[in-house]
Each structure stands twice: as structure tokens, then as C-alpha cells.
Amino acid sequence: MTRTAQRPPSGLSSADDLPAQADVVVVGGGHNGLTCAAYLARAGWSVVVVEARGELGGCAATVDAIGARVNICNCDHTMVLASGIVDDLELGAYGLRYLDVDPMGIAVGWGDEPAFVHWRSVERTIDGLARTDPAAAAAYRRYLDVALPAARLVQSVQGTRPSTAAIAATAARRRLRGSAAVLDWARRSLLDVLTSFGLPPWLIAAAGTNGPAVWGLAPDAPGSGLGALGFAMRHLVGVGRPVGGSGALPAALAACVRAHGGLLVTGARVGGVLVRDGRVRGVRLDDGREVSAPTVVTATDPRTLLVDWLDGVPAAARLHARWAAAPAVDGYESKVDAVVTALPALRAVARIGADVLPAEARQVPTTIVSPTVSQQVAAAAARGRGLVSDPPMFLVNTPSVLDPSLRPAADAHLLSLEVLWTPYTLRGGWTDSTQPWSWLRRLASLGDPGLVASVRDWRAMTPPDYEREFSLPRGYAPSFPGGVVAALLGRQRELSRYRTPVAGLYLTGAGTFPGAGVWGASGRNTAEVVLASRRRDR
């Protein structure tokens with residue numbers, strides 16, 4: 036396996052340039068931390084972002100590896116397009132430009148299941164379904180009749196700084212349209228919800244892979260029902276990819292922070308927060324240096340702050356005890372990047388008529404390769420025994436087709452293969468494992484076997500790699516666990532309201548509301564909470 040090459044990007048300060056004090060220290064330079072920093076810097080605060088790695092962006096970054104620029108995670112951006120931060124922070128002025136991905140996705144199975152082409156247009160999507168299965172097309176329309184209002188409500192709520200009053204007011208402004216479905220689906224499983232509309236199993240399998248499976252849940256898991264909003268949400272929001280790779284978003288955010296006077300420090304690992312008399316006083320680096328600040332925002336795994344850094348802090352004793360008693364979660368996602376001279380040619384995609392999917396669009400979107408629903412349920416149990424889903428769950432794309440700036444060479448393309456449910460505690464261990472190379476072989480088995488021979492170079496990122504390179508404990512990328520209903524009810528308020536019992540100490544990032552993925556709403560919401568607190572203190 037080829038490891039990621041690290042290089043310090045321009046415009047950043049090294050740990051040697053760490054200042055003695057600031058108005059706010061943001062710990063973690065992922066896109067949520069940078070979003071929070073950008074809003075605070077724009078408000079006139081002196082902001083310092085400290086990042087342990089040599090470059091910014093976290094899991095949204097694009098890095099040099101295998102003679103190419105590769106995305107750390109899947110390159111499709113959806114919810115950030117609806118968050119408002121791109122326009123609000125004028126990120127276009129800092130070089131950010133999105134390419135539309137349409138069709139937004141293609142879904143196939145491991146057997147002879149029909150392929151599903153998901154267009155931004157509802158009518159085009161339903162028309163394509165009708166050519167395959169008229170009953171499925173009718174069921175999809177019934178589903179959208181209920182799901183679209185619910186998705187609009189969820190989109191509105193996720194764009195609001197969460198409080199019970201604010202969320203209720205948002206629902207009231209929408210005359211509660213979609214609220215019954217949101218409350219109902221939050222208690223049910225995705226399988227139960229989608230089956231109730233008569234959707235066929237192969238379409239439910241695709242929804243499971245691209246929804247609950249990404250959160251680590253089986254399609255029959257209670258509480259996974261809001262994952263059924265995925266198809267509808269993409270119709271509302273669309274899918275985009277930044278020119279130059281996913282990392283163009285954090286790069287633009289970093290430029291925005293600098294333009295407003297913020298300081299970005301890389302290679303500076305924070306080892307704890309400074310607390311005195313129930314109030315945060317700054318941060319302490321692993322090397323013993325300190326930065327004084329009356330406000331600290333942590334954009335890392337919440338467990339790092341709440342279990343490790345607040346151990347022994349009286350003001351946070353109850354919260355620390357609750358988090359310390361909860362079991363740690365294992366990571367389960369891997370990614371293979373390869374430079375290839377032949378594009379993947381899946382048989383199921385080749386069978387789609389040109390009137391449904393033009394030839395020039397076949398390599399543009401992410402293709403979801405899904406096990407059946409029953410296989411996903413079985414794989415959920417097998418994961419606990421250290422086994423990879425078999426057959427695997429794949430998210431496949433060739434980002435250099437839509438974005439030529441990512442082509443590694445004139446005669447080659449970049450292949451991205453994200454693999455779900457690859458457990459951190461793999462039976463037999465990841466060292467010397469043949470699993471990653473086998474995924475390329477399994478992908479080739481769905482189409483042209485010559486794909487394997489066309490691999491010029493490749494690398495794999497497995498859960499232990501994410502732990503080592505991105506400081507993700509046990510390779511797990513945290514995600515807010517409860518969705519909109521949990522935010523409405525104020526469950527785990529440190530995650531849904533961003534505050535801790537320590538005055539001046541806040542949380543942001545994927546582990547807080549509204550959750551994982553390339554979004555930015557958490558960073559913006561936390562900045563609003565911080566600014567509101569300062570206004571109240573004056």
C-alpha cells in the first residue's frame with residue numbers, strides 16, 4: 036500500500052509561530068472547524084486554528100498520493116450546497132467552484148437487479164424507472180409525495196441554530212408540512228419505511244447502502260428510517276464536486292479565515308484544554324506550550340474533549356462520567372484510490388439504454404454497488420465478528436472524468452473506491468491483509484476484468500490508517516447520532532447545542548448536529564452560538 040505524501044500548503048504557519056493568546060482557539064482544521072473560524076474571524080475576533088497534521092481539511096481534504104491528487108473521502112458534496120455557507124462566506128472569491136453532477140448517482144446490485152439512475156429531475160428519474168419497472172416508478176412517486184415535504188422541513192431545520200424553540204418555529208413556518216413523516220420515520224427502520232410505499236427490494240438496497248450503511252446501521256435497524264429521505268433530499272439539493280477535488284472547499288475556507296486576519300497553524304497537536312474556576316482559559320499543546328483564550332472551540336472527536344481533556348474538571352464531572360461509561364465506536368470505512376488506464380465498465384450500467392443514460396454520462400456520477408437487503412442485515416452482524424461485508428458495499432467513481440484537473444496523466448484516470456463495513460478489528464488484522472486488492476478484483480468482476488491489469492499505482496486507507504493519519508480513535512469518524520428529532524428534544528445537548536458545562540468551551544464538527552458528511556452547518560451554527568454568548572455577556 037502506498038502511504039499519503041504530506042506537504043505543508045502555502046499560506047499556513049508552523050507550530051513555531053504559535054501566538055501566546057487569542058480571542059478564540061479552534062482545535063482542528065477540518066471543514067467544520069474552518070467554517071466556524073471563518074465566521075468568527077469575519078466578526079472581528081482574533082482567531083487561531085491549530086491543526087495536528089501538516090495540512091488542513093481533515094477528511095474533506097485532497098492530498099498528493101500515487102502520483103495524483105486524491106480525495107480522502109468520497110468527493111460528492113450535497114448538503115454543503117444547501118447550507119448557505121458558500122454564498123454567505125463568498126467562497127467563490129477564494130477560488131471555490133462547483134461542477135454539477137447529474138445524474139447524481141447510479142445504483143446497481145451484485146446480481147441481475149435492474150440499475151437505478153438518479154437524476155436531479157424527479158420526472159426524468161421516474162421516467163427511467165418506468166422503462167424498467169412501471170410498478171417501481173409508481174411507488175417512487177408515492178414515496179416522493181411524502182418524502183419531499185419532509186426533506187424540505189429537515190433541510191430548513193438543519194439550516195437553523197438548533198434550539199427547541201427555533202426548530203418548532205421553523206416547523207410552524209412550514210405549517211408543519213412534513214413533520215408527521217419526520218417524527219414517524221425517526222422511530223422506524225429504513226426497510227419498514229420504504230417497503231410501506233411498495234418500493235422494490237433492489238431500490239431499498241441502494242437506499243440502505245447510501246444511507247444507514249454510511250452511518251454503520253443495517254437497513255432494518257430501528258431509528259434508521261430518516262435515511263429514507265436520501266433520494267428526496269438529493270432531488271432538492273443536487274450533488275456537486277469542487278474543481279480540483281474535495282479539498283478545494285477547506286482551501287477556500289482557510290483563505291477566508293486568513294483574509295479576515297485569522298491565523299492557521301499546522302503541525303501543532305493540542306493535548307488538553309486549560310480550565311480554571313469553571314471557565315476555559317486556553318489550550319495546551321503536547322509540547323507544553325500554551326495559548327491563552329477566553330473561548331475554545333474543539334472540532335475533533337467529542338470523546339477526545341469530554342473523556343480525555345475534561346477528566347478531573349469539576350464543572351464537567353457528570354458529562355465526563357456519562358461519556359467515559361459509553362463504549363468507544365469502531366471505524367468501518369475504507370477507501371482505495373488507483374491510477375488506471377481503463378475506466379470501470381460495469382455490465383449493469385452498460386445494459387442501461389442510451390435514452391435513459393447517455394454514454395457520456397456513465398462515468399460522471401458515483402455508482403453504488405449494493406448487496407441485497409438481507410445480505411446487508413447479515414453483514415451488520417458479521418461486522419461485529421471482524422468480517423467485511425460479503426459481497427462488499429462499494430461507492431465507485433472516477434472523479435477525473437468530470438474534472439480533468441484531477442487526471443494524473445494524459446493516458447490515465449483516477450479511480451475512487453469507497454468500501455463500507457470494513458471493521459477496524461478485522462479478523463486476522465489489517466497488516467499484510469489482501470482485502471484491499473481483492474476489492475479491486477471484485478469491482479472488475481462486475482465488468483471488464485482488464486481493469487485490474489490497468490492499475491498503474493494504488494493505495495488503500497483502512498480504519499487503522501485513518502486512526503494513525505487523522506487521529507480518529509479506532510478509525511471512527513464521529514457522526515451526530517440522533518438526527519433532527521434528537522436536536523428538537525435537546526438530547527445530548529453538548530452535541531445539539533454545542534455548549535459544554537465549562538464556560539467558553541464549545542464543540543463543533545461531524546460529531547455534533549447536524550452530523551457527518553461535507554456540510555459545514557455545524558461550524559456555522561457553533562459560531563452563531565459563540566457570537567450570541569458574547570453579545571449576552573456584554
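The numbering used here puts the sequence shown at residues 36 to 573.
Don't be surprised by glycine CBs; every beta carbon is placed ideally from N, CA and C.
When the options are compared against residue i, the one with the closest alpha-carbon
{"i": "Asn-109", "options": "Ser-118, Leu-116, Val-121 and Ala-95", "result": "Ala-95"}
{"i": "Leu-134", "options": "Gly-463, Leu-441 and Asp-483", "result": "Leu-441"}
{"i": "Val-157", "options": "Arg-176, Ala-360 and Gly-140", "result": "Arg-176"}
{"i": "Trp-493", "options": "Phe-505, Arg-476 and Glu-125", "result": "Arg-476"}
{"i": "Val-98", "options": "Ala-283, Ala-185 and Ala-416", "result": "Ala-283"}
{"i": "Arg-386", "options": "Ala-150, Met-496, Leu-288 and Trp-154", "result": "Ala-150"}
{"i": "Ala-380", "options": "Glu-395, Val-371 and Ala-334", "result": "Glu-395"}
{"i": "Leu-430", "options": "Ala-242, Thr-401, Pro-393 and Leu-449", "result": "Thr-401"}
{"i": "Thr-70", "options": "Gly-92, Ser-405 and Ala-87", "result": "Gly-92"}
{"i": "Arg-276", "options": "Trp-554, Glu-563, Leu-261 and Pro-427", "result": "Trp-554"}
{"i": "Pro-513", "options": "Gly-63, Arg-269, Val-60 and Gly-546", "result": "Gly-546"}
{"i": "Val-332", "options": "Leu-542, Val-391, Ala-253 and Gly-260", "result": "Leu-542"}
{"i": "Phe-515", "options": "Val-152, Ser-531, Gly-79 and Pro-458", "result": "Ser-531"}
{"i": "Val-391", "options": "Thr-339, Arg-534, Val-152 and Thr-407", "result": "Val-152"}
Host beta strand (DSSP E) of residue i (start-end)
{"i": "Pro-277", "result": "275-277"}
{"i": "Met-139", "result": "Looking at the DSSP string, Met-139 is not in any beta strand (DSSP E), and its letter there is neither H nor E."}
{"i": "Asp-255", "result": "Counting along the chain, Asp-255 falls outside any beta strand (DSSP E), and DSSP gives it neither H nor E."}
{"i": "Arg-269", "result": "Careful: Arg-269 lies outside any beta strand (DSSP E), inside the alpha helix (DSSP H) at 265-272."}
{"i": "Leu-116", "result": "Leu-116 -> not in any beta strand (DSSP E); alpha helix (DSSP H) instead, spanning 114-118."}
{"i": "Glu-86", "result": "82-86"}
{"i": "Ala-303", "result": "Here Ala-303 belongs to no beta strand (DSSP E), and DSSP marks it neither H nor E."}
{"i": "Ile-161", "result": "First-last for Ile-161: 157-167, but that is the alpha helix (DSSP H), not the beta strand (DSSP E)."}
Beta-carbon contacts of residue i that lie in its chain and below 6 Å, excluding the five residues immediately before and after
{"i": "Ala-57", "result": "Ser-81, Val-83 and Ala-328"}
{"i": "Gly-297", "result": "Ala-72, Ala-76 and Val-82"}
{"i": "Ala-414", "result": "Ser-424 and Trp-456"}
{"i": "Leu-486", "result": "Ala-377, Pro-379 and Ala-479"}
{"i": "Asp-111", "result": "Val-274 and Thr-401"}
Counted within 10 angstroms of its Cβ, other Cβ atoms place residue i as buried (16 or more) or exposed
{"i": "Gly-388", "result": "exposed"}
{"i": "Asp-147", "result": "exposed"}
{"i": "Arg-316", "result": "buried"}
{"i": "Thr-561", "result": "buried"}
{"i": "Asp-346", "result": "exposed"}
{"i": "Asp-51", "result": "exposed"}
{"i": "Ala-360", "result": "exposed"}
{"i": "Ser-48", "result": "buried"}
{"i": "Ala-267", "result": "buried"}
{"i": "Pro-484", "result": "exposed"}
{"i": "Gly-550", "result": "buried"}
{"i": "Asp-336", "result": "buried"}
{"i": "Asp-446", "result": "exposed"}
{"i": "Gln-495", "result": "A quick correction: the sequence has Ala, not Gln, at residue 495. Burial call: buried."}
{"i": "Asp-180", "result": "exposed"}
{"i": "Pro-257", "result": "exposed"}
{"i": "Arg-222", "result": "exposed"}
{"i": "Arg-324", "result": "exposed"}
Beta carbon proximity, residue i to chain B, threshold 9 Å
{"i": "Thr-469", "result": "Absent from the structure is chain B; it holds one protein chain and no more."}
Cα-Cα separation between residue i and residue j, rounded to whole angstroms
{"i": "Val-105", "j": "Asp-312", "result": "46 Å"}
{"i": "Arg-526", "j": "His-355", "result": "16 Å"}
{"i": "Ala-165", "j": "Ala-171", "result": "7 Å"}
{"i": "Pro-43", "j": "Glu-368", "result": "Any answer about Pro-43 is weak, because its pLDDT of 35 lies below 50 and its placement is not dependable; what the coordinates show is given next. If you take the alpha carbons of Pro-43 and Glu-368, they lie about 26 Å apart."}
{"i": "Arg-418", "j": "Ala-248", "result": "12 Å"}
{"i": "Val-490", "j": "Ile-101", "result": "11 Å"}
{"i": "Pro-54", "j": "Val-326", "result": "7 Å"}
{"i": "Leu-124", "j": "Tyr-74", "result": "8 Å"}
{"i": "Gly-302", "j": "Ser-435", "result": "30 Å"}
{"i": "Arg-38", "j": "Arg-314", "result": "Its pLDDT being 31, under 50, Arg-38 is placed unreliably by the model, and the measurement read from it follows with that caveat. Whole-angstrom Cα-Cα distance: 41 Å."}
{"i": "Pro-285", "j": "Arg-293", "result": "12 Å"}
{"i": "Ala-40", "j": "Val-520", "result": "Model confidence at Ala-40 stands at a pLDDT of 32, short of 50, so the residue's coordinates are unreliable; what they give is reported in the following sentence. Taking the straight line from one Cα to the other gives about 41 Å."}
{"i": "Val-228", "j": "Arg-132", "result": "37 Å"}
{"i": "Gly-482", "j": "Asn-432", "result": "14 Å"}
{"i": "Val-584", "j": "Glu-529", "result": "Outside the shown range of the chain (36 to 573) lies residue 584, about which nothing can therefore be said."}
{"i": "Asp-372", "j": "Leu-450", "result": "6 Å"}
{"i": "Pro-254", "j": "Ala-240", "result": "8 Å"}
{"i": "Leu-238", "j": "Val-454", "result": "19 Å"}
{"i": "Pro-426", "j": "Leu-566", "result": "49 Å"}
{"i": "Ile-161", "j": "Ala-173", "result": "8 Å"}
{"i": "Val-348", "j": "Val-310", "result": "8 Å"}
Bounding residues of the alpha helix (DSSP H) (the contiguous stretch that carries residue i)
{"i": "Ala-417", "result": "408-418"}
{"i": "Phe-429", "result": "Premise fails: Phe-429 lies in the beta strand (DSSP E), 428-432, not in any alpha helix (DSSP H)."}
{"i": "Arg-295", "result": "Here residue 295 turns out to be His, not Arg, going by the sequence shown. Taken as a continuous stretch (DSSP letters only), His-295 belongs to no alpha helix (DSSP H), as it is neither H nor E."}
{"i": "Asp-346", "result": "From DSSP, Asp-346 is part of no alpha helix (DSSP H); its letter is neither H nor E."}
{"i": "Glu-529", "result": "528-531"}
Beta-carbon contacts of residue i that lie in its chain and below 7 Å, excluding the five residues immediately before and after
{"i": "Gly-251", "result": "Tyr-367"}
Residues near residue i in its chain [Cβ-Cβ closer than 8 Å; skip 5 each side]
{"i": "Asp-438", "result": "Leu-134, Arg-276, Val-278, Gly-279 and Gly-280"}
{"i": "Pro-169", "result": "none"}
Contact test: residue i Cβ vs the ligand MG heavy atom, cutoff 8 Å
{"i": "Ala-445", "result": "Inclusion of the ligand MG in the displayed structure is not the case, the ligand content being empty and no account of it being possible."}
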